[in-house]
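Data first, discussion second: the structure below is written as structure tokens.
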Ligand SMILES: [Zn+2]
């Protein structure tokens, strides 16, 4: 179904009708979502689910950044991709699917590896950066760029049966490196075991916090970290104090 301008409004009112019933969100929150620009860094296990729910919630512009192509070992958790798409760029496939899932939004694919030279360009002119990465080297680059650009940074990580979620927004909160500082920066990338459902839960929670942050709904995980242990389903929220001696955000 293609949408002309006349149908568009009607389609939108029905598409979001169940979401609009949430009192804390309402039309005002939906408008904020429609006007929001979000960069999703990584469209793997976390990013597949996170970007899907951001798209379905009506975030007006999504920039999906990922240099990789689909591999067979991705398919058990990276739900945007199918076996017949192995070898194709993830960002492009994801963007194409999300445009189909919600024709009301704009989705842009960036098939580039985030590095020290391009990180600020890739993340400028967005309202929120969502980290769906699998390594701390790139996370530190993203963290530093977000501080410089003054953009809130939604962090999630999942390994095995554990997941973490937080929002960093200095100077109101500390940053990633206040608590998880650079000792891991030069460590080689490790391959962790992962269950698709665990990545899905964390990606979904990440989308939910991003939606709440944009639409100003409830309280969010700014300055706190949700620590999920799926082995016994214990969920704990711990404060993440600012580190005044942090070499990245401490001087602010
Ligand atoms: Zn810091």
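Residue numbers (the working numbering): 74 to 325.
Glycine included, every Cβ here is placed at the ideal spot set by N, Cα and C.
State buried or exposed for residue i, treating a residue as buried only when at least 16 other CB atoms are found within 10 Å of its CB.
i	result
residue 311	exposed
residue 314	exposed
residue 139	buried
residue 326	Missing from the structure shown is residue 326; the chain here goes from 74 to 325 and no further.
residue 94	exposed
residue 317	exposed
residue 308	exposed
residue 144	exposed
residue 306	exposed
Residue i by DSSP, collapsed to three states: which one?
i	result
residue 303	coil
residue 228	strand
residue 310	strand
residue 325	Here the model assigns residue 325 a pLDDT of 46, short of 50, so the residue's position is not dependable and the matter cannot be decided.
residue 216	helix
residue 98	coil
residue 235	strand
residue 122	helix
residue 85	helix
residue 342	As displayed, the chain neither begins before 74 nor continues past 325, which places residue 342 out of reach and without an answer.
residue 145	helix
residue 189	coil
residue 207	coil
Give the DSSP bridge partners of residue i, in chain order.
i	result
residue 241	226
residue 202	112, 226
residue 374	The requested residue 374 does not occur in the structure, where the chain is confined to residues 74 to 325.
residue 180	135
residue 140	Paired residue(s): none; residue 140 is not in a bridge.
residue 162	142
residue 267	233
Segment contact flag, the stretch 199 to 216 with the stretch 112 to 122, C-beta cutoff 8 Å, min 3 pairs
yes
If you pair each beta-carbon of the stretch 234 to 241 with each one of the stretch 265 to 275, do three or more pairs fall below 8 Å?
yes
With three or more beta-carbon pairs closer than 8 Å as the criterion, would you say the stretch 166 to 176 touches the stretch 196 to 205?
no
Given 8 Å, three or more beta-carbon pairs between the stretch 240 to 254 and the stretch 287 to 298
yes
Is the stretch 97 to 105 touching the stretch 147 to 166, taking contact as three or more C-beta pairs under 8 Å?
no
For the pair the stretch 216 to 226 and the stretch 122 to 133, tell me if three or more CB-CB distances fall below 8 Å.
no
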